[in-house]
Amino acid sequence: MQPTPNGRLHIGHGSGPYLRADTLARAYRRDGHRVDIITGSDAYENWVELAAAMQGEPVEQLCRIYHKSIGDDLKNIGVEVDVWIDPTSDEHRRSYFALHDAIVADVRQSGHVALEQERILISRTGRPIIGPWLVGLCPHCGESCGGNTCVACGLHFQPGGHLEKY
Numbered sequence: 010m011q012p013t014p015n016g017r018l019h020i021g022h023g024s025g026p027y028l029r030a031d032t033l034a035r036a037y038r039r040d041g042h043r044v045d046i047i048t049g050s051d052a053y054e055n056w057v058e059l060a061a062a063m064q065g066e067p068v069e070q071l072c073r074i075y076h077k078s079i080g081d082d083l084k085n086i087g088v089e090v091d092v093w094i095d096p097t098s099d100e101h102r103r104s105y106f107a108l109h110d111a112i113v114a115d116v117r118q119s120g121h122v123a124l125e126q127e128r129i130l131i132s133r134t135g136r137p138i139i140g141p142w143l144v145g146l147c148p149h150c151g152e153s154c155g156g157n158t159c160v161a162c163g164l165h166f167q168p169g170g171h172l173e174k175y
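Counting with this note's numbering, you get residues 10 to 175 for the letters of the sequence shown.
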């Protein structure tokens, strides 16, 4: 439940996971339970880097601008978030990375994962063509999309599964 701080909150976020979480939390609170909604923005998503490049802003500055505006947008639609985490902030950065490092270490130590090799396209400038730079047509509905999710129909698919890549 973490929006990418590459733009303002869109209606799909507001009416989707946040409204559902807020409704559920209010129902539990009404029944006497203590409930906290703890979430934040996904500042380490490739779409942030693309938006920053397109807007001519440093990535971290763009994250902070949109993190704040998304939090404000949630308040403006009446969604009550108890803790709104900016993973790029001094307060949260270290613990954010420590948590993710610990999760990866646990998964590796579990023996339930295997290392796989995969071919990744590289642009003429040497940038890996991944995430928002991997564009084409959705294999389900045929609409233009980037990454591995079609915003037109909602399909998630394997990176590189686009039709007519461009």
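From the three backbone atoms N, C-alpha and C, an ideal C-beta is built for every residue, glycine too.
Roughly how many whole angstroms lie between the Cα atoms of residue i and residue j?
i	j	result
Gln126	Val88	42 Å
Arg43	Cys147	42 Å
Asp40	Gly156	41 Å
Glu58	Gln118	31 Å
His165	Tyr175	19 Å
Glu173	Ala36	47 Å
Ile129	Val160	23 Å
Gly163	His101	31 Å
Tyr27	Gly16	17 Å
Ala111	Tyr105	10 Å
Ile86	Pro67	29 Å
Val133	Gly120	Looking at the sequence provided, one finds Arg at residue 133 rather than Val. Whole-angstrom Cα-Cα distance: 37 Å.
Anyone know if the C-beta pair for residue i and residue j falls short of 7 Å?
i	j	result
Gly145	His171	yes
His22	Pro14	no
Gly49	Trp93	yes
Ile74	Leu18	no
Val116	Val122	yes
Asp99	His76	no
In terms of residue numbering, what span does the alpha helix (DSSP H) encompassing residue i cover?
i	result
Ser24	Premise fails: Ser24 is in no alpha helix (DSSP H) and is neither H nor E.
Ile112	Arg102 to Ser119
Leu71	Val68 to Asn85
Val57	Asn55 to Gln64
Within the present structure, is the beta-carbon of residue i separated from the nearest heavy atom of the ligand FMN by less than 6 Å?
i	result
Leu124	Absent from the structure shown: the ligand FMN. Ligands present: none.
Report back the beta-carbon spacing between residue i and residue j to the nearest angstrom; my notes put them in contact at under 8 Å.
i	j	result
Thr181	Glu54	Because residue 181 is not part of the residues shown, which for the chain are 10 to 175, the question remains open.
Asp45	Asp91	4 Å
Hey, quick one: how far does the beta strand (DSSP E) through residue i stretch, first residue to last?
i	result
Leu146	Val144 to Leu146
Cys154	Ser153 to Gly155
Gly49	Ile47 to Gly49
Ile94	Val92 to Ile94
Among the candidates the options, whose CA atom is the shortest distance from the CA of residue i?
i	options	result
Arg29	Ala60, Pro67, Met63 and Leu83	Leu83
Trp142	Asp31, Trp56, Ala34 and Glu100	Trp56
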